[in-house]
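Structure record follows, encoded as structure tokens.
Residue numbers (the numbering used here), protein chains in the order written: chain A, 2 to 296; chain B, 2 to 296.
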């Protein structure tokens, strides 16, 4: 399709609605592609670095060409309903845009893949996030990253895997999960109350007696780790409820909201696709969050 | 006290904490006073216009000196724990700043007072908001305002009075409450689950059997009227829980959040005091909201 005028972008997103159909995903991606932040000569990218034995245990590292020292390390975990998704090939717009944005912000950017359901079931995704954290804590210094400055970010299923990692202390290499902060965009935190769908069944299984232990809501509600969440105005109802349950539980437990950004005009996938672009609403708030956890 | 450098403003607000002490209120007000938007020759103010028989049934009308036609009418309802507060004398910084901001945005700005507890108890505040709406629908055309373009805004107890007005159809002069939208900053919506305190007791009384009908949560959760809410990072726990309950009920009822802005770095009273100033985080989002309801 032809790229539309950007001043019509928000109207077109609104017209697509909230239901996560293949059409919504494809059209949103096509709308965002011309706007995507692209790698340039200012960034050195190390591709397909192995952080574990599986073919999906790979990550790309985005380093400012001018070099950095003890820089925050921003790790992005993609979505895809537990069963698909990728960090993106070298010439793909997404999610090279996220690594590019991170490096242009003076950070080490990392985009990672992980094992997928149904072959790899709960908690494989969070275990893989943990493996990547351990790898980066041991190796990111060579690129100028701060081993204690890892900040995890994930969207949708990626947010679930980040949440699971934060919630499972057995996966942690150090106190506070061994990271400086975590950002979760349009995630699912309460599996018990979640809408049932084939994607969640593929990852969590059908055993309702396990949904409580597979939930992260209670742990996130009492977490002292700095966390940043988003919900999109055009997120499907299940994700809107999940975000509401999270702030409700957090306020009940800690007397305050976690950082929660409601992204007006955005749908489930658009905020991350626009990170680093001229129409980016999420990146500036992430910079503010990252600065706050690095103080 | 001497006005501090503004670059230290956020640190000082954070140091004040979240507990609504007289010191927090006084110090926050003093910190904001040098920054307050002030009426200038670009604005004509009509003071103490009567909208009812009580001495507190008064409002100030801020009109752009260049004149407007069928402009939105932005009405601000002050806070003060139900028992105090005022729209502000002509030379006061607050809340002339809100009327000034509205007029400079091309709107008719209105700041209003209402009867106070314990002399005037529930639902006197919402009745007074309704009386002001009826008055403005009949009279605001003379200043260039759109009778169908009233947007109510309230903070704390003022948010409670706006919420009560929106929730009580017997107070409405027309469909959709006779207004175009409502904005509520750091309000209380569920009286049953609210922390007990003398301010609420003065307005609602001590009869627990009435707290359910005095609550507005259920009505707001199903309201079709465009509403905009805020919660401040440094709001006291009760207000944080109220905001969480609101989004939870709204998402449960409508499958989506209402517009909810979390104001980072702000306390219970600071966002409104900074409306129209160079450090205003709330005003730009209100403009976006007002534009959206006027489309």
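Where a beta carbon is used, it is the ideal one built from N, C-alpha and C, also for glycine.
- Using beta-carbon distances, residue 265 of chain A counts as an interface residue toward chain B, with a partner under 9 Å.
- The three-state secondary structure of residue 177 of chain B, taken from DSSP, is helix.
- Interface annotation, residue 236 of chain A: in contact with chain B, CB-CB separation under 9 Å.
- A residue is called buried when at least 16 other Cβ atoms come within 10 angstroms of its Cβ; residue 70 of chain B does not meet this threshold and is exposed.
- From the beta-carbon of residue 252 of chain A, the residues of chain B found nearer than 8 Å are 238, 241, 242, 244 and 245.
- Selection A/236, A/295, A/199 and A/29 evaluated against residue 226 of chain A yields A/295 as nearest (Cα-Cα).
- Rounded to whole angstroms, the gap between the alpha carbons of residue 236 of chain B and residue 267 of chain B is 8 Å.
- Taking 3 residues as the minimum length, the beta strand (DSSP E) runs contained wholly in the segment 133-182 of chain A are 146-156, in order along the chain.
- Bridge pairing for residue 61 of chain B: B/112 [DSSP].
- Interface annotation, residue 193 of chain B: not in contact with chain A, CB-CB separation never under 9 Å.
- Ranked by Cα distance from residue 200 of chain A, the options A/88, A/29 and A/157 are led by A/157.
- Annotated three-state conformation of residue 195 of chain A is coil, per DSSP.
- Here the alpha carbons of residue 189 of chain A and residue 127 of chain B stand approximately 38 Å from one another.
- At a cut-off of 9 Å between beta-carbon atoms, residue 289 of chain A makes contact with chain B.
- Remark: C-beta atoms of residue 289 of chain B and residue 16 of chain A do not approach each other more closely than 9 Å.
- Within the segment 166-178 of chain A, not one residue has a Cβ closer than 7 Å to any Cβ of chain B.
- By the neighbour-count criterion, in which 16 or more other beta carbons inside 10 Å mark a residue as buried, residue 281 of chain B falls on the buried side.
- What residue 123 of chain B touches in chain A, judged by beta-carbon distance under 7 Å, is nothing: the nearest beta carbon there is about 25 Å away.
- By the Cβ neighbour-count rule, residue 215 of chain A is buried, with 16 or more other Cβ atoms within 10 Å of its own.
- About 18 Å separates the Cβ atoms of residue 46 of chain A and residue 151 of chain A, ruling out a contact at the 8 Å cut-off.
- By the rule that beta-carbons nearer than 9 Å mark a contact, residue 24 of chain B does not touch chain A.
- Take residue 213 of chain B, set aside five residues on each side of it, and the residues of its chain with a beta-carbon closer than 8 Å to its own are 192 and 193, in chain order.
- For a cut-off of 8 Å, the C-beta gap from residue 283 of chain B to residue 291 of chain B is around 12 Å, too long to register as a contact.
- If you keep only unbroken alpha helix (DSSP H) runs of at least 4 residues inside the segment 199-255 of chain A, you get 199-205, 212-215, 218-223 and 238-255.
- Under the Cβ criterion of 9 Å, residue 261 of chain A is counted among the residues facing chain B.
- By alpha-carbon distance to residue 31 of chain B, the top candidate from B/51, B/49, B/40 and B/10 is B/10.
- With its beta carbon at least 9 Å from every one in chain A, residue 223 of chain B lies outside the interface.
- The Cβ atoms of residue 252 of chain A and residue 84 of chain A do not sit closer than 9 Å to each other.
- Residue 262 of chain B sits in a strand when the DSSP states are folded into three classes.
- The shortest C-alpha to C-alpha distance from residue 286 of chain A to any of A/271, A/279, A/269 and A/260 is the one to A/260.
- Only residues of its own chain outside the window of five on either side were considered, and among them 258 and 261 have a CB closer than 6 Å to the CB of residue 248 of chain A, listed in chain order.
- From the beta-carbon of residue 258 of chain A, the residues of chain B found nearer than 8 Å are 232, 234, 241, 244, 245 and 263.
- For residue 189 of chain A, no chain B residue has a C-beta closer than 7 Å to its own C-beta; the minimum C-beta separation is roughly 14 Å.
- Selection A/116, A/209, A/161 and A/195 evaluated against residue 183 of chain A yields A/161 as nearest (Cα-Cα).
- Within chain B, not a single residue places a beta-carbon under 7 Å from that of residue 294 of chain A; the smallest gap is close to 13 Å.
- Assigned with DSSP and collapsed to three states, residue 33 of chain B falls in helix.
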